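Numbering of the sequence shown is given in this note's numbering, commencing with residue 414 and proceeding in unit increments.
Don't be surprised by glycine CBs; every beta carbon is placed ideally from N, CA and C.
None of the values given here were measured: they were computed from a predicted structure.
Report on the following structure.
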Amino acid sequence: MEQYASASDFARIVQAGGDVVMHGESAPYELRMWPPPSQTPSAEEARAQPSRLLRARHEIVEFVGREAELDALLSWRDSCRGLPHVALRLIHGPGGQGKTRLAAQAARIWRQEGGNAFHAVPRTSFSTGPAPEIAPVGTTSGSLIVVDYAQEWETDNLLRLIHDMSFPETAPVLILLLARSAGTWWQMLESRVVRNFDMVPEAFRLEPLVGRPSDRASLFSGAVRQFAAVLEAPAAPLSSFPSGLQDNNAYDQVLTLHMSALANVLAALQDSTAPDDPDKLSAYLLARERDHWARLHERGLLKADPNAMSQVMYIAALTGPLSYADGTAALKAAPVELLEHPGRLIKDHAVCYAPSRADSVLEPLYPDRLNEDFLALMTPGHDCAFPADLWSTQALGLLLKPGGTPWTRTALTTLAETAKRWPHVAREHLIPLLREHPEICLEAGSAAIVALTELPNPDGELVLDLCELLAERRPVDLVAGYVALLTWLSDKAHLFPDDQRALVNAALCGALGEAGRYVEAVDYGAAAVALLRRLMADGAEDCRAHLAGALSNLSEYLSLTGAHQAALDAVREAVSHYRSLARHAPGEFELRLAVTLGNVGNCLAVHLDRASEALAPADEAVRILRDLDKTDPNTHTGALATALAALSRAAAAWRNDALALEAAEESLNLRRRLAEAQGAVHSPVLANALDTFGRALWRTGRTDETLASLEASAAIERKLAMILPDRFEPMLKGQLHYLFARYRELGHRKKLVPIAEELVALDQRRVDRGRQDYRPALAVATYNLAVARGGAEQWDEACSAADLAADLIRPRATLGVVASEVALVRFLCGAALIRVEGRRNPGGVPDKVNEALAVYARLPITLPANLRRECLDAFEVLEESLEAAGDRGSALELRRRRMHRTPSGQVNL
């Protein structure tokens, strides 16, 4: 019996335009203890259905070789031992290369040595909930989570899994992805993991098990012996090898070797000849499946004859496991040539292929290659000795129709993978179907689209049709597919004229930006802009709109890579082009002009700290959008809200507090209206609007409303930072620092402690994930926490925090980093000050002061004035506190040594 673990309180990220929204939802995956105990079929079962012996989970053929790969996986585990974080690695290679067996062997060793190992599987729409509880993921020895077919998962679901495992209490969680390729889907995931989790994932290609063709014979012989043992076959006739074993590269795949070995054992049992050609192995083995169906039908155990069972199996091979309701719907959509109720056919199918789950039906063939080969052999157009069925051509069109079904995603992805090795499936069936109904690809998702671009000869006309569809409507889960299509076009761009090449580059810039691959987006955006500028210089006026759009996109991604001045230059150039276009066609270009003007204001006010210059463009953007709203109400709400926020910040820079508050309040009301309409309760633009409104309120003295607005904004940012930490944690930190400053000004000392604790936790999380460059920031946050706790008269906790801050910064100070030496002086003086004011452990004060004096004495004479002032302020505050405590002698001694920079001797306080 399998056991499951399910995460809960899943918050899904949905991106619409530039916005990110979280909606509550259950976790999209389940964790199963893995690998399950292997079960060897009996000789009778194996002879009836020999394909069972090829399933990885049965492990009929002993695991051999792969010592280097296993050592690498175990070294990966050992390198992460003792570090409370998550790590990610991909192993990719063709189907049948041995990825699952390798992962299972590593998991088995893991568990033997005290760790946990799990298999993550997508949570189906018909899942009935978790089974009995299992051990928690975290153990002292760490945990391994294996994700097979990772390329078929939605990127957001993989990110959710990584996020859920990112905070183990005692040991690392290592996530091992298995996939056929490391293409567009991996590049998308990798960039988001780097950005969101401060983690650099690794990818490794799994090479063939046999390095030299001469080694194939021993592997073949070993597989023959083990298959023969299970099938109870005599070993004597099994001494010959396939004629192409040494020469045919198909035998690089361990699955091909195993299929050939199994076919040879079966041939010996039946006194026949196994095929020498690896391409014909599947047909040979699948013929044994048909024989099994025929025997069951003859015995009255199946209503369906072999032809009908082939058709049911074809549907199962396409759809994969379904719920009972969806399974019957699939059989009704493509009726089998037999007058039986779909429910009866499902029961017949289950006799031959028992479902892997109690709540599913229509289990496909395994391994995947055999399933894909069955689809190809059932489809007319091949020359193998296996009967194709004309029914399948009609069934394919009936199962894959526009409108979407529960099986569309699986069916199209499986068909595309099949077409990679069987050209007739692509040429005669898949491509014609999708040319007629390209929208099916949008319903199937990115995995299917990516698989289409990996065909040996993708259809250019279909690629262009799909690009056109995705340019018009592109939900976030199709961005990876869109990037793959545009990348394929870009690779052929040398065949295009300059204007089309520029448009492909511009589109790829936008798609890569949506995928979070900002550096690549800038490269393609810059290439598009350069081409379009050249065309404009040659008199191609019709390129002006494309150039304006390309500059606007380029500006956005330049800003996201930190090149804010270059971003401002690009967006200002875009404004000049849109202004020219709007003079001749205002209805078409005024909105784009307004949005781009708003971006200028935002760039100046937010990124370049030049808010005073943002007033004019922000004001113009608001005026244009208000005029547009009169003729087309409620269409430009988001753009107007953005422009009003920029106007508020610009007005604040000019000390026009009334205008700043008015614009911020209107922007917030618009954002709230949009949030309610979209259910986007945790939208980051709503958080920004609350923050802008809170700051405008503060400047007008409405303190209670200020704090309420800022707290509401921080609450949203907290939720967002849990999901996308790299994007939203910096925003949350800025928000918390501003809130901390406001509470401090108001004298709300007890409010400061939880905010300071949260700031420490944010930096600590980065350090725990391996970001040692955050240690100085963590030290500063810890010292601020000590000061906050002292202000709240939590003296013992304040002493501990101040000492920890000094400990954190001391290694860098010892290396002679001047800023860290200054910080250490401040922290040591602060630790002494807390002890003096809180009357805690006064005996520890001299040590702190003497170390501070020693560090101060070795600072360079040329120390910048601002850093010298920080040290002097720290000493002077401590001196004043000593005097106030009645220890004037100590204060004078400290002042003398500080003024003369003489650390020699000891200050005895």
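Item checked: C-beta atoms of ALA1024 and ALA1066 nearer than 8 Å -> Translated into the one-based positions of the sequence shown, residue 1024 becomes position 611. Translated into the one-based positions of the sequence shown, residue 1066 becomes position 653. Taking 8 Å as the Cβ cut-off, ALA1024 and ALA1066 qualify as a contacting pair.
Next item on the list: Could you round the C-beta distance between LEU875 and ILE844 to whole angstroms and report it? I think they count as a contact, below 8 Å.
Entry: Your numbering for residue 875 matches position 462 in the sequence shown. Your numbering for residue 844 matches position 431 in the sequence shown. So it is a contact: roughly 6 Å between Cβ atoms.
Check: Can you round the beta-carbon distance between ASP1070 and THR1009 to whole angstroms, since I take them to be within the 8 Å contact cut?
Finding: Stepping through the sequence shown from its first residue, residue 1070 is reached at position 657. Stepping through the sequence shown from its first residue, residue 1009 is reached at position 596. Going by Cβ atoms, the distance from ASP1070 to THR1009 rounds to 28 Å, so no, they are not a contact pair.
Next item on the list: Under the assumption that SER1233 contacts ALA1226 (Cβ atoms under 8 Å), give the Cβ distance between them as a whole number of angstroms.
Entry: For the purposes of this step, residue 1233 is identified with residue 820 of the sequence shown, where counting begins at 1. For the purposes of this step, residue 1226 is identified with residue 813 of the sequence shown, where counting begins at 1. Confirmed, Cβ separation roughly 4 Å.
Check: In chain order, which alpha helix (DSSP H) runs of at least 4 residues are fully inside the region 757 to 820?
Finding: The region 757 to 820 contains these whole alpha helix (DSSP H) runs: 781 to 791, 804 to 812.
Next item on the list: Can you grab the Cα-Cα spacing for the pair GLN1185 / ARG1179, in whole Å?
Entry: Position 772 of the sequence shown, counted from the start, is the residue given in the question as residue 1185. Position 766 of the sequence shown, counted from the start, is the residue given in the question as residue 1179. Rounded to the nearest angstrom, the gap between the Cα atoms of GLN1185 and ARG1179 is 8 Å.
Margin query: Tell me which residues share the same chain as PHE640 and place their Cβ nearer than 7 Å to its Cβ, disregarding the 5 neighbours each side in the sequence.
Written below: The residue given as residue 640 occupies position 227 in the sequence shown. Counting only Cβ-Cβ distances below 7 Å, and skipping sequence neighbours, we find LEU466, ILE473, ALA674, LEU675, VAL678.
Item checked: Supposed contact pair LEU1060 and ALA1031 - C-beta distance, whole angstroms, cut 8 Å -> The sequence position of residue 1031 within the sequence shown is 618, counting from 1. The sequence position of residue 1060 within the sequence shown is 647, counting from 1. Contact holds; Cβ gap of about 4 Å.
Next item on the list: Taking the CB atoms as reference points, tell me whether GLU1142 and LEU1110 lie closer together than 8 Å.
Entry: Locating residue 1142 in the sequence shown gives position 729, counting from the first residue. Locating residue 1110 in the sequence shown gives position 697, counting from the first residue. In this structure, LEU1110 does not lie closer than 8 Å to GLU1142 by Cβ.
Margin query: Please report the straight-line C-alpha distance between CYS854 and LEU847, rounded to a whole angstrom.
Written below: Taking the first residue of the sequence shown as 1, we reach residue 854 at position 441. Taking the first residue of the sequence shown as 1, we reach residue 847 at position 434. Those two C-alpha atoms are separated by around 8 Å.
Check: Around the Cβ of GLU482, are there at least 16 other Cβ atoms within 10 angstroms (buried) or fewer (exposed)?
Finding: Residue mapping note: residue 482 aligns to position 69 of the sequence shown, counting from 1. Under the 10 Å beta carbon count, GLU482 is surrounded by 16 or more other beta carbons and is classified as buried.
Next item on the list: Using alpha carbons as the reference points, say which of ARG605, THR597, VAL499, SER556 lies closest to ASP569.
Entry: The count along the sequence shown starts at 1 and reaches residue 569 at position 156. Nearest C-alpha to ASP569: ARG605.
Note to self: Using the Cβ count rule (16 or more neighbours within 10 Å means buried), how would you classify MET1312?
What the structure shows: Counting from 1 along the sequence shown, the entry for residue 1312 is found at position 899. With fewer than 16 other Cβ atoms within 10 Å, it is exposed.
Notebook entry, point to check: Roughly how many angstroms separate the alpha carbons of ASP865 and ALA1063, rounded to a whole number?
Noted result: Taking the first residue of the sequence shown as 1, we reach residue 865 at position 452. Taking the first residue of the sequence shown as 1, we reach residue 1063 at position 650. The sequence as given places Leu at residue 865; Asp does not occur at that position. Those two C-alpha atoms are separated by around 49 Å.
Check: Taking just the CA atoms, how far does GLU1001 sit from ALA987?
Finding: Counting from 1 along the sequence shown, the entry for residue 987 is found at position 574. Counting from 1 along the sequence shown, the entry for residue 1001 is found at position 588. Looking at the two C-alpha atoms, the distance is approximately 15 Å.
Next item on the list: Determine, using beta carbons only, whether VAL749 and GLN724 come nearer to each other than 8 Å.
Entry: Start at 1 with the first residue of the sequence shown, and residue 749 comes out as number 336. Start at 1 with the first residue of the sequence shown, and residue 724 comes out as number 311. Against a cut-off of 8 Å, the Cβ pair of GLN724 and VAL749 comes out as a contact.
Checklist line | Three-way DSSP call (helix, strand, coil) for GLU526 in this model | finding: As a working mapping, residue 526 is identified with position 113 in the sequence shown. Annotated three-state conformation of GLU526 is coil, per DSSP.
Next item on the list: Closer than 7 Å by C-beta to GLY431: which residues in its own chain qualify, once you throw out the five before and the five after it? Chain order, please.
Entry: On the sequence shown, position 18 is the one that residue 431 refers to. Interpretation of GLY431 is limited by its pLDDT of 34, a score under 50 that renders its predicted location unreliable; the figure taken from the coordinates is listed afterwards. So no residue of the chain qualifies.
Next item on the list: Look at LEU444 and ILE558 and say whether their C-beta atoms are less than 8 Å apart.
Entry: Here residue 444 refers to the residue found at position 31 of the sequence shown. Here residue 558 refers to the residue found at position 145 of the sequence shown. Yes, Cβ-Cβ distance for LEU444 and ILE558 is below 8 Å.
Check: Taking DSSP as the reference, what is the three-state secondary structure of ILE862?
Finding: On the sequence shown, residue 862 is found 449 positions in, with the first residue counted as 1. In the structure shown, ILE862 falls within a helical segment according to DSSP collapsed to helix, strand and coil.
Item checked: Cut-off 7 Å between Cβ atoms - residues of its own chain near ARG1308, not counting five sequence neighbours on either side -> Numbered from 1 along the sequence shown, position 895 holds the residue referred to as residue 1308. Excluding sequence neighbours, ARG1308 sits near GLU1292.
Next item on the list: Below 7 Å CB to CB, which residues in the same chain sit around SER1080 once its five sequence neighbours on both sides are set aside?
Entry: Here residue 1080 refers to the residue found at position 667 when the sequence shown is read from its first residue. These residues qualify, in order along the chain: ALA1054, LEU1057, ALA1058, SER1061, ALA1102, THR1105.
Notebook entry, point to check: Are SER769 and PRO734 close, meaning C-beta to C-beta below 8 Å?
Noted result: As a working note, residue 769 is residue 356 in the sequence shown. As a working note, residue 734 is residue 321 in the sequence shown. Yes, Cβ-Cβ distance for SER769 and PRO734 is below 8 Å.
Next item on the list: Report yes if the C-beta distance between GLU1250 and SER1294 is below 8 Å; otherwise report no.
Entry: One-based indexing of the sequence shown puts residue 1250 at position 837. One-based indexing of the sequence shown puts residue 1294 at position 881. For GLU1250 and SER1294, yes; Cβs fall inside 8 Å.
Notebook entry, point to check: Nearest-angstrom Cα distance between PRO910 and LEU883?
Noted result: Along the sequence shown, read from residue 1 onward, the residue named residue 910 stands at position 497. Along the sequence shown, read from residue 1 onward, the residue named residue 883 stands at position 470. In this structure, the alpha-carbon of PRO910 lies about 22 Å from that of LEU883.
Next item on the list: Go through its chain and collect everything with a Cβ distance to ASP739's Cβ below 6 Å, but skip five positions before and after it.
Entry: In the sequence shown, counting from the first residue as 1, residue 739 sits at position 326. Once the five neighbours on either side are set aside, the close Cβ partners of ASP739 are PRO819.
Item checked: Endpoints, the beta strand (DSSP E) within which SER627 is located -> Here residue 627 refers to the residue found at position 214 of the sequence shown. Following the DSSP letters along the chain, one finds SER627 in no beta strand (DSSP E), marked with neither H nor E.
Notebook entry, point to check: Rounded C-beta distance between SER859 and ASP890? I'm assuming under 8 Å.
Noted result: Within the sequence shown, the letter at position 446 stands for residue 859. Within the sequence shown, the letter at position 477 stands for residue 890. Right, their Cβ atoms sit about 6 Å apart.
Checklist line | Nearest candidate by alpha-carbon position, reference THR900, set GLY1203, ASP665, LEU925 | finding: Within the sequence shown, residue 900 is the residue found at index 487, counting from 1. Out of GLY1203, ASP665, LEU925, LEU925 has the C-alpha closest to the C-alpha of THR900.
Next item on the list: Can you tell me which of the three DSSP states GLN1213 falls into?
Entry: In the sequence shown, residue 1213 corresponds to position 800, counting from 1. Here residue 1213 turns out to be Ser, not Gln, going by the sequence shown. In the structure shown, SER1213 sits in a helix (DSSP, three-state: H, G or I).
Check: Taking all protein chains shown into account, do 16 or more other C-beta atoms lie within 10 angstroms of the C-beta of SER579, making it buried, or fewer, making it exposed?
Finding: The residue labelled residue 579 in the question sits at position 166 within the sequence shown. Residue environment analysis places SER579 among the buried positions, since at least 16 neighbouring C-beta atoms fall within 10 angstroms of its C-beta.
Checklist line | Given VAL1013 as reference, the closest of ALA998, ALA1029, PRO999, GLU1003 once Cα atoms are compared | finding: To locate residue 1013, count along the sequence shown from 1; it is residue 600. It is ALA1029.
Next item on the list: Answer yes or no: do VAL1290 and LEU1246 have a C-beta to C-beta separation smaller than 8 Å?
Entry: On the sequence shown, residue 1290 is found 877 positions in, with the first residue counted as 1. On the sequence shown, residue 1246 is found 833 positions in, with the first residue counted as 1. Going by beta carbons, VAL1290 and LEU1246 fall inside the 8 Å limit.
Margin query: Here's the rule: buried if 16 or more other CB atoms are within 10 angstroms of the residue's CB, otherwise exposed. What is ASN870?
Written below: Residue numbering aside, residue 870 sits at position 457 when the sequence shown is read from its first letter. The residue in question, ASN870, is exposed, as its Cβ has fewer than 16 Cβ neighbours within 10 Å.
Item checked: Residues sharing a beta bridge with PHE617, DSSP -> Counted from its first residue, the sequence shown places residue 617 at position 204. PHE617 pairs with ILE504.
Note to self: I'd like to know if GLU1306 contacts chain C, where contact means its C-beta is closer than 8 Å to some C-beta of that chain.
What the structure shows: In the displayed structure, chain C is absent; only one protein chain is listed.
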